[in-house]
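Printed below as a string of structure tokens:
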């Protein structure tokens, strides 16, 4: 009985962490990043994992390129229907966030803690220089995901 409970607890722990945003720094804490199943990587509430907006901690040049680094903290590859990672920019509007996808990266089954590095175009500042960079992990595996991370940045 004790052994069964231990196996169950270990399985739950491994199913508890999935995506962390390293650059730019994700909203909230990044504690536990180097351990599979980090609780700060397990955010399933759209659009930003349920974490509130933060003041921008980074300024980036508009209409340029920016390198995003994110970690697949735990892999949930569905070999019959592989999922993907999506990188989007969002602007604040009266009706909430409006997203524009700028990159789509396939889930290829890499090991836990793998870092992805993806260059994306930066948006124009237009009427509001505060932007939200969102990374999501869509697993296409029933019961797992999607997972979300966001970072608040300012474009100039």
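In my numbering, the protein residues as written are 119 to 274.
By construction, the Cβ of each residue, glycine as well, lies at the ideal position given by its N, Cα and C atoms.
The structure presented is a predicted model; accordingly, all values stated were derived computationally and were not measured.
Self-check item: Rounded straight-line distance, which links the Cα of residue 200 to that of residue 271
Solution: Translated into positions along the chain shown, residue 271 becomes position 153. Translated into positions along the chain shown, residue 200 becomes position 82. Taking the straight line joining both Cα atoms gives about 30 Å.
Quiz item: Which residues mark the beginning and the end of the beta strand (DSSP E) in which residue 249 is found?
Solution: Against the chain shown, residue 249 aligns to sequence position 131. That run of the beta strand (DSSP E) goes 248 to 256.
Self-check item: Candidates 177, 198, 248, 246: closest to residue 225 by CA position
Solution: Residue mapping note: residue 225 aligns to position 107 of the chain shown, counting from 1. That would be 198, whose Cα lies nearest to the Cα of residue 225.
Quiz item: Can you name the residues that DSSP bridges to residue 152?
Solution: Within the chain shown, numbered from 1, the residue matching residue 152 stands at position 34. Answer by DSSP bridge pairing: none, since residue 152 is not bridged.
Quiz item: Can you tell me the Cα-Cα spacing of residue 152 and residue 221, whole angstroms?
Solution: Sequence index remark: in the chain shown, residue 152 carries index 34 (1-based). Sequence index remark: in the chain shown, residue 221 carries index 103 (1-based). If you take the alpha carbons of residue 152 and residue 221, they lie about 25 Å apart.
Quiz item: For residue 137, which residues from the same chain have a beta carbon less than 8 Å from its beta carbon, with the 5 sequence-adjacent residues on both sides left out?
Solution: Along the chain shown, one-based indexing puts residue 137 at 19. So the qualifying residues of the chain are 159, 161, 188, 189, 190, 191, 203, 253, 254, 255, 265, 266, 267.
Quiz prompt | Assigned exposure category for residue 184 - 16 Cβ within 10 Å defines buried | solution = On the chain shown, position 66 is the one that residue 184 refers to. Per the 10 Å Cβ criterion, buried.
Self-check item: Sequence-distant residues of the same chain with beta carbon closer than 7 Å to residue 171, five excluded per side
Solution: For the purposes of this step, residue 171 is identified with residue 53 of the chain shown, where counting begins at 1. Closer than 7 Å at the Cβ level, and outside the excluded window around residue 171, lie 270.
Quiz item: Distance, Cα to Cα, residue 156 vs residue 274?
Solution: Here the question's residue 156 lines up with position 38 in the chain shown. Here the question's residue 274 lines up with position 156 in the chain shown. For residue 156 and residue 274, the distance between alpha carbons rounds to 33 Å.
Practice problem: Alpha carbon to alpha carbon, how far is residue 229 from residue 258? Give it in angstroms, no decimals. | Solution: Here residue 258 corresponds to residue number 140 of the chain shown, with the count starting at 1. Here residue 229 corresponds to residue number 111 of the chain shown, with the count starting at 1. Each residue's Cα considered, the two are about 17 Å apart.
Quiz item: If you check the beta carbons only, do residue 244 and residue 165 fall under 8 Å apart?
Solution: Reading the chain shown from its first residue, position 126 is the one you call residue 244. Reading the chain shown from its first residue, position 47 is the one you call residue 165. Their beta carbons are not under 8 Å apart, which means residue 244 does not touch residue 165 by this criterion.
Exercise. Compare the C-alpha of residue 140 against each of 193, 178, 163, 186 and name the closest.
Key: The sequence position of residue 140 within the chain shown is 22, counting from 1. It is 186 whose Cα lies nearest to the Cα of residue 140.
Quiz item: Under 8 Å between the Cβ atoms of residue 208 and residue 249?
Solution: Along the chain shown, one-based indexing puts residue 208 at 90. Along the chain shown, one-based indexing puts residue 249 at 131. Yes, the Cβ-Cβ distance between residue 208 and residue 249 is below 8 Å.
Quiz item: What are the boundary residues of the beta strand (DSSP E) that includes residue 269?
Solution: Here the question's residue 269 lines up with position 151 in the chain shown. Note, residue 269: beta strand (DSSP E), 265 to 273.
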